[in-house]
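Peer 1: At position 405 of the sequence shown (counting the first as 1) the number is 434 in the working numbering, and the numbers step up by one without a gap.
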Amino acid sequence: MRSLGTSNIRWEMRIVISMCLGYGMLMLCRTVVGVAGPAMLADPGLTLDTATFGAILGWGTAGNLTGKLTTGILADKLGGNRIFIWAVGLAAIATFIFGTLSTNIAFFALYFLTVFAKSAGWPSMANIIRVGFVPAKHGRVWGFIATSSRISSVATTVLVSSLLLIMSWRGLFYIAGALAFVSAFILPRYLKSSWQGSRRLDAGAEGSTEPISTWSKDHPLSKAETRAAIRVFISNPRFWLISLGVSSLAVLFEFQVFLPIYLNETFSLPPAQAGMASSAFPLGCLVAVFGGGFIYDKLSKKNIVYTMSATLIAAVLCLLSLRLLGVYDFGSGLELSITIVLVFLFGFAISPAYYIPMSIFSIGFGGKHCGLLVGLIDAFAYFGAMMFDFIGGAVANKEGGWEDFILILIVTSILATIIMTTFLYLDYRDSEHDLDLALPF
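(1) If distances are taken between C-alpha atoms only, which option among L107, M387, A425, Y52 comes closest to F21?
(2) Look at the Cβ atom of L453, then the Cβ atom of V334, and state whether they are nearer than 8 angstroms.
(3) For I420 and L402, I'd like the C-alpha separation in whole angstroms.
(4) Assuming L354 is part of the alpha helix (DSSP H), what are its boundary residues?
(5) Assuming T129 is part of the alpha helix (DSSP H), what are its boundary residues?
(6) Buried or exposed: which applies to E41, given that a residue is buried once 16 or more other Cβ atoms fall within 10 Å of its Cβ?
(7) Quick check on F373: buried or exposed, where buried means 16 or more other Cβ atoms within 10 Å of its Cβ?
(8) Label S148 either buried or exposed according to how many other C-beta atoms from any shown protein chain fall within 10 Å of its C-beta, with 16 as the threshold for buried.
(9) What residues in its chain sit with their C-beta under 8 angstroms from that of A309, if we drop five residues either side in the sequence?
(10) For the alpha helix (DSSP H) containing I437, name the first residue and the last one.
(11) What did DSSP end up calling M42 once you bin it into helix, strand or coil?
(12) Should P381 go down as buried or exposed, given a rule of 16 or more other Cβ atoms within 10 Å for buried?
(13) Thinking just about the alpha-carbon of each residue, which of Y291, K427, L216, F287 is nearest to the one in V45?
(14) Helix, strand or coil for V117 per DSSP?
(15) Could you work out which residue in W151, R218, F127, E428 is closest to G109 when comparing CA atoms only?
(16) For R229, which of helix, strand or coil comes out of DSSP?
(17) Taking only three categories from DSSP, how would you classify L86?
(18) Are V183 and L281 close, meaning C-beta to C-beta below 8 angstroms?
(19) Could you please give the first and the last residue of the uninterrupted alpha helix (DSSP H) stretch that includes V403?
(20) Note down the Cα distance separating L201 from P266, rounded to an integer number of angstroms.
(21) For T132, does the count of other Cβ atoms within 10 angstroms reach 16, so buried, or fall short, so exposed?
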């Protein structure tokens, strides 16, 4: 049995590593746009300003919204591994083509397609995790994947910013697209075999108190069709709370894409240096989610309420401090240093609440429809982010607009704290009597 257990761990690691590689490529395809933003604005061959760049981001988020409404269902029907590989390949092609474009409408269309493909990542991984891991491991697996996504975000931000020193912004898209395309060819062999092998090993493993197949079969939604599952979701207040909470947090995360331009215009940093300085945000996210899944599995639901609420309150304080920097003159050098520290702490504060509760809730509550549930929740999230991209870009484009931009984030952060705390409390209160009370059939 020790041999079987060791083999099972090896199969599980292949699943996780494959997902991390693929999602890292999806993050690369999305990150390159934000880092290239200042250089694109400075390109005399383009007709871009901050408002138009915000519109590009908005159309990308619209692609995310559209994808969340469709790819989750496809992942549930066709299998998470198949949709995941398809997403990496499509994102690679769209990113490469983006580097050849010169018109705003073409930028809108191709970034829409890029982020549409990227949107399939989380729903498809939810399905892969659902069939490959017992519930007791879900927190640590999501934590590991979230950590990997943050590592890739930091690494790609620094890498792409460094490349911007020696090549044009177009070259960044060519390299990102090529790397993702190569990964799309590598993933099918390892991800598919790992997924099948893990299921075989789990089915034969002794001593498992809650086998994956048994847990999936006994789930209250195991026999429900898609429409019935949707009725269950929308009849539960926790669905609406987590949707609104993650939507607010998604708006806060959009600050990351605006950061290079914010630092470039506020502190007159060159595009490459602004991109490198902006890596403080994903670095803060990385530190926060590193080991966060393990901690989440160990905490009681009651303690999760306190922990997540405290981090979100810290996020509000970070934004208030950024706003005060625009009011008082501390000197440009000191202000830049303080800003980078605050951006790091802000990323650290919002990441755990953004990544882990929704992912755990979606698998536990959604069962075999977890991809659909993740897609629905993310659709709300990216609708909010899409509106902010258009509004935030227009606000920042005005004289002194970045101060109003930060003010919008402060209000959103306060709302996110209230909503997520309420969700986590209800999740704690209702954990003993969950789905079976809500089923209409």
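Built from N, CA and C at the ideal position, the CB exists for glycine as well.
Quantities reported herein were computed from a predicted structural model and do not represent experimental measurements.
Peer 2: Reading it off the structure:
(1) The shown model of the chain, from 30 to 470, leaves out residue 21, and the question about it has no answer.
(2) The count along the sequence shown starts at 1 and reaches residue 453 at position 424. The count along the sequence shown starts at 1 and reaches residue 334 at position 305. Contact: yes.
(3) By 1-based counting over the sequence shown, the position of residue 420 is 391. By 1-based counting over the sequence shown, the position of residue 402 is 373. Computed Cα separation, rounded: 28 angstroms.
(4) The residue given as residue 354 occupies position 325 in the sequence shown. Per DSSP, L354 belongs to the alpha helix (DSSP H) from 330-354.
(5) Taking the sequence shown and counting its residues from 1, one reaches residue 129 at position 100. Careful: T129 lies outside any alpha helix (DSSP H) and carries neither H nor E.
(6) Residue numbering aside, residue 41 sits at position 12 when the sequence shown is read from its first letter. Answer is buried; the Cβ neighbour count reaches 16.
(7) The count along the sequence shown starts at 1 and reaches residue 373 at position 344. F373 is buried by the Cβ-count criterion.
(8) Walking along the sequence shown from the start, residue 148 turns up at place 119. When all chains shown are included, S148 counts as buried.
(9) Residue numbering aside, residue 309 sits at position 280 when the sequence shown is read from its first letter. Excluding sequence neighbours, A309 sits near I369, V370, V372, F373, G376.
(10) Residue mapping note: residue 437 aligns to position 408 of the sequence shown, counting from 1. Here the alpha helix (DSSP H) through I437 covers 430-458.
(11) As a position in the sequence shown, residue 42 is number 13, starting the count at 1. It is helical.
(12) The count along the sequence shown starts at 1 and reaches residue 381 at position 352. Counting other Cβ atoms within 10 Å of its Cβ, P381 reaches 16 or more and is therefore classed as buried.
(13) Working through the sequence shown from its first residue, we reach residue 45 at position 16. L216 is the residue among Y291, K427, L216, F287 whose C-alpha sits nearest the C-alpha of V45.
(14) Reading the sequence shown from its first residue, position 88 is the one you call residue 117. In the structure shown, V117 sits in a helix (DSSP, three-state: H, G or I).
(15) The residue given as residue 109 occupies position 80 in the sequence shown. Nearest option by C-alpha distance: W151.
(16) If you number the sequence shown from 1, residue 229 lands on position 200. Low confidence applies to R229: its pLDDT is 47, below 50, so where it sits in the model is not reliable enough to give any reading.
(17) Counting from one through the sequence shown, the residue named residue 86 turns up at place 57. Looking at L86 - three-state DSSP - the assignment turns out to be helix.
(18) Here the question's residue 183 lines up with position 154 in the sequence shown. Here the question's residue 281 lines up with position 252 in the sequence shown. Going by C-beta atoms, V183 is not nearer than 8 angstroms to L281.
(19) Position 374 of the sequence shown, counted from the start, is the residue given in the question as residue 403. Residues 399-425.
(20) On the sequence shown, position 172 is the one that residue 201 refers to. On the sequence shown, position 237 is the one that residue 266 refers to. In a straight line, the C-alpha of L201 is about 44 angstroms away from that of P266.
(21) Position 103 of the sequence shown, counted from the first residue, corresponds to residue 132. Around the CB of T132, fewer than 16 other CB atoms lie within 10 Å, so the residue is classed as exposed.
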